[in-house]
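Enquirer:
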Amino acid sequence: MSTLLAVEKLDVRHGLLQAVRQVSFDVAEGETLALVGANGAGKTTLLRAIAGAHRPAGGRISFEGGDITSLAAHRRVKRGIALVPEGRRLFQNLTVEENLRVSSAARRSGSWTVDAVLEAFPLLRPLRHKRAASLSGGEQQATAIGRALMTNPRLLLLDEVSLGLAPVVVEGVYRSLAVLIQGGATIVLVEQDLARAMSVADRVVCMLEGRVVLEGPRGALTREQVTEAYFGLRRGATA
Amino acid sequence: MTWVSAVVHGILLGGVYALLATGLALMFGVMRIINLAHGSLALIGAYMAFLFTEHVHVSTYLALVPVLPGALIVGYLLQRTMLERSLRAGQLVPLLTTFGLLIVIANLLQYFFSPDVHSLDEGNIGTASWQVSSSLTIPWFDVLTLGVAVVLLGGLQLVLRFTQLGRELRATAEDADTAELVGINARAVYARATAIAVATAALAGVFYGMRSSFDPNAGANQLLYAFEAVVIGGIGSLWGTLGGGIALGVAQAVGGQINPEYFALSGHVVFLAVLVARTAMQARGFRLTLRGVG
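Residue numbers (this note's numbering), protein chains in the order written: chain A, 12 to 250; chain B, 919 to 1212.
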């Protein structure tokens, strides 16, 4: 499998706070990578930096072999990177269909159309002409994922897609993700729920205070190892 | 019957204000920029049309053919070179930038065209009118102006509702950062919005110039009426802008009927009354929310 995304020694700051420190990892074509870690570990900042919403202070991001570190966010979408942001961030005054259609600004052709999204998320079908503001959390999440898919991405970045949703809704969201993964999509997902992350991902990267403290394929890591890294229990040993 | 006549003329006058207010409402709705130079940009449109009618000897309507595309380009460049930088520096800076632009434009117009008043020829339609009764005549030019305002606002509404540009404008207006994340070049969308706004300003300026004479300092006054129309109609709503323009026009015409001195004053009074009523309603809503919580 060829490398689709390569992150090398990435530093990202929020003012004086350094949220991501010297982070390096690769994502291969067709792979599903889970980023896990406690709140404030830098996962969301890392995803936003990859999507171009946040300029890194140092390091390099390359996609399909080309350097994209200084590329504007909308140009990265045109290259095939789509982010489903934390908190969904739908356009509240637009209808579900308009939220999906607005992504055609990316002008990437592919199999994802409004009809294909409605096929993948049948719950959206009757809501097509409703304003996004009137949707429930699960419906909004489905629309947000659909909106990202409408750009026909080669790499899908998912930030806490289960946050604030009822367990049964989360179940539904992950069922649709499983379909995407089977279809060969390349996904990087941030997930608080460790068990769920380890059940869908091929590989797990664990972050602590901005650094990668543990990385490995799903089969090679035990839940205990990840839990220790997650909470920084063996900090002396890893540092 | 004179009152009916005042109201009818007020409605028609509202067309001019609505035309002028359209671009102001668009720029505020999309970028939260209050463009203080809007009236001055409208004046530039009028002066450019004047140049074409004087030197190329075309009718004022035909002069719109080169003036409007020119205004689109001016608007695009204005956003890209000045307003975009101003926006990055915070919300107050575009206000200062456009205020500076207002002064620069007034002085440049004075330099090139002298402080004398100019006017534009409105053609045969300027003197034609429809005699409804002995006390009510409707000038066709005023009907044309209102018609152009309705078509412009309606057209913009359709563009916003049904086109990809419209969806991109609405999405960017709501959340520019997220718009970038779905592939929208937010800065290009802003530049297109300003281009459209300046073109509508130029159109309004040409109609204003055919209606009454203008001088290099007329921009600020026109801005005031346009601003009042936007506020009365509800900020950010296009049809509201039409309603606001008409409300302002009717208030002025009816006030002028009571006493010609009250013409401008009654418009300002309605504007202030709407502002006070809105604020009072918001305060009431706030209290109700608090009671609901407690």
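Just so you know, even glycine gets a beta-carbon here, dropped at the ideal spot from N, CA and C.
Quick one: grab the DSSP three-state call for His956 of chain B.
Expert: If DSSP states are grouped into helix, strand and coil, His956 of chain B belongs with the helices.
Enquirer: Using a Cβ-Cβ distance cut-off of 8 Å, determine whether Glu1092 of chain B contacts chain A.
Expert: It does: the Cβ of Glu1092 of chain B has a partner Cβ on chain A nearer than 8 Å.
Enquirer: Run through the region 32–68 of chain A for me and flag every whole beta strand (DSSP E) of 3 or more residues, listed as ranges in chain order.
Expert: Those beta strand (DSSP E) runs which fall completely within the region 32–68 of chain A and span 3+ residues are 43–48.
Enquirer: Let me see if you follow: with CB-CB separation under 8 Å, is Thr162 of chain A close to chain B or not?
Expert: Answer yes: the Cβ-Cβ gap between Thr162 of chain A and chain B drops below 8 Å somewhere.
Enquirer: May I ask you to report which of helix, strand or coil DSSP gives Glu1040 of chain B?
Expert: The answer is coil: DSSP assigns Glu1040 of chain B none of H, G, I, E or B.
Enquirer: Examine chain E for any beta-carbon lying closer than 8 Å to the beta-carbon of Phe242 of chain A, and answer yes or no.
Expert: Absent from the structure is chain E; the protein chains it does hold are A and B.
Enquirer: If we ignore side chains and look at the alpha-carbon of each, how far apart do Thr920 of chain B and Leu1054 of chain B end up?
Expert: Roughly 7 Å between the two C-alpha positions.
Enquirer: Could you give the distance in angstroms between the alpha-carbon of Ala1201 of chain B and the alpha-carbon of Gly1127 of chain B?
Expert: Cα to Cα, the separation comes out at about 41 Å.
Enquirer: Quick one: does Gln997 of chain B have its CB under 8 Å from some CB of chain A?
Expert: Output row for Gln997 of chain B: interface = no.
Enquirer: Just to make sure I have the definition right: I need the residues of chain B whose C-beta is within less than 9 Å of the C-beta of Leu105 of chain A. Which are they?
Expert: By Cβ distance, chain B contributes Arg1085, Arg1088, Ala1089 and Glu1092.
Enquirer: Suppose you measure from the CA of Phe132 of chain A to the CA of Arg158 of chain A; what does that come to, to the nearest Å?
Expert: When rounded, the distance between both Cα atoms is 12 Å.
Enquirer: To which residues does DSSP link Ile72 of chain A through a beta bridge?
Expert: Ile72 of chain A pairs with A:Val18.
Enquirer: Please give me, in chain order, every unbroken run of the beta strand (DSSP E) with length at least 3 that falls completely inside the region 162–242 of chain A.
Expert: You should have 166–170, 197–201, 214–219 and 222–228.
Enquirer: Rounding to the nearest angstrom, what Cα-Cα distance links Leu969 of chain B and Val926 of chain B in this structure?
Expert: In a straight line, the C-alpha of Leu969 of chain B is about 33 Å away from that of Val926 of chain B.
Enquirer: Is DSSP giving Ile1102 of chain B helix, strand or coil here?
Expert: Note: Ile1102 of chain B maps to coil in three-state DSSP.
Enquirer: With H, G and I counted as helix, E and B as strand and the rest as coil, what does DSSP make of Gly247 of chain A?
Expert: The predicted model places Gly247 of chain A with a pLDDT of 48, which falls under 50 and marks its position as unreliable, so this point remains unresolved.
Enquirer: Return the first residue and the last residue of the beta strand (DSSP E) that Ala93 of chain A is part of.
Expert: Run containing Ala93 of chain A: Ile92 to Val95, per the beta strand (DSSP E) assignment.
Enquirer: Less than 8 Å between CB atoms is the rule here; does Val918 of chain B satisfy it with respect to chain A?
Expert: What is shown of chain B runs 919 to 1212, which leaves residue 918 of chain B out entirely.
Enquirer: So, does the CB of Met139 of chain A fall closer than 8 Å to a CB anywhere in chain B?
Expert: For the record, residue 139 of chain A in the displayed sequence is Arg; it is not Met. Closer than 8 Å: no.
Enquirer: Count the other CB atoms within 10 Å of the CB of Ala231 of chain A; is the residue buried (16 or more) or exposed (fewer)?
Expert: Looking at its Cβ environment, which holds fewer than 16 other Cβ atoms inside 10 Å, Ala231 of chain A is exposed.
Enquirer: Please confirm whether Val948 of chain B and Leu1087 of chain B have their CB atoms less than 8 Å apart.
Expert: Against a cut-off of 8 Å, the Cβ pair of Leu1087 of chain B and Val948 of chain B comes out as a contact.
Enquirer: Would you list the residues sitting across from Thr106 of chain A in a DSSP beta bridge?
Expert: Its beta-bridge partners are A:Arg142.
Enquirer: Please list the residues of the region 43–65 of chain A that have a C-beta atom closer than 8 Å to any C-beta atom in chain B, keeping them in chain order.
Expert: Under the 8 Å Cβ criterion, the region 43–65 of chain A contributes Ala62, Gly63 and Ala64.
Enquirer: Taking 8 Å as the cut-off, does the region 1141–1157 of chain B touch the region 1031–1042 of chain B (at least 3 CB pairs, one atom from each stretch)?
Expert: The region 1031–1042 of chain B, when compared against the region 1141–1157 of chain B, does not touch it at the 8 Å Cβ threshold.
Enquirer: If we ignore side chains and look at the alpha-carbon of each, how far apart do Val976 of chain B and Val1069 of chain B end up?
Expert: Taking the straight line joining both Cα atoms gives about 24 Å.
Enquirer: Name the chain B residues that come within less than 9 Å of Val113 of chain A, Cβ to Cβ?
Expert: Within chain B, the residues near Val113 of chain A are Gln1082, Arg1085, Glu1086, Arg1088, Ala1089, Ala1097, Val1100, Gly1101 and Ile1102.
Enquirer: For a contact meaning CB atoms closer than 7 Å, what does His85 of chain A contact in chain B?
Expert: Residues of chain B passing the Cβ test: Glu1098, Gly1101, Ile1102 and Asn1103.
Enquirer: Is the shortest distance between the beta-carbon of Glu158 of chain A and the beta-carbons of chain B less than 8 Å?
Expert: Just to set this straight, residue 158 of chain A is Arg in the shown sequence, not Glu. True, the Cβ-Cβ gap to chain B drops below 8 Å.
Enquirer: Could you give the DSSP three-state label for Leu101 of chain A: helix, strand or coil?
Expert: Residue state, collapsed to three classes: coil.
Enquirer: Work out the CA separation of Ile929 of chain B and Thr56 of chain A for me, nearest whole Å.
Expert: Distance between the alpha carbons of Thr56 of chain A and Ile929 of chain B is about 54 Å.
Enquirer: What ranges does the alpha helix (DSSP H) occupy inside the region 1039–1099 of chain B, keeping only unbroken runs of at least 4 residues that lie completely in it?
Expert: List check, alpha helix (DSSP H) in window: 1058–1080, 1082–1092 and 1094–1099.
Enquirer: Beta carbon of Phe1125 of chain B, beta carbon of Leu937 of chain B: below 8 Å?
Expert: It is a contact, given that the beta carbons lie within the stated cut-off.
Enquirer: Quick check on Ile198 of chain A: buried or exposed, where buried means 16 or more other Cβ atoms within 10 Å of its Cβ?
Expert: Buried: at least 16 other Cβ atoms inside 10 Å.
Enquirer: On a Cα-Cα basis, can you pick out the residue from A:Ala212, A:Pro67, A:Val237 and A:Arg66 that is closest to Met218 of chain A?
Expert: Met218 of chain A has its Cα closest to that of A:Val237, out of A:Ala212, A:Pro67, A:Val237 and A:Arg66.
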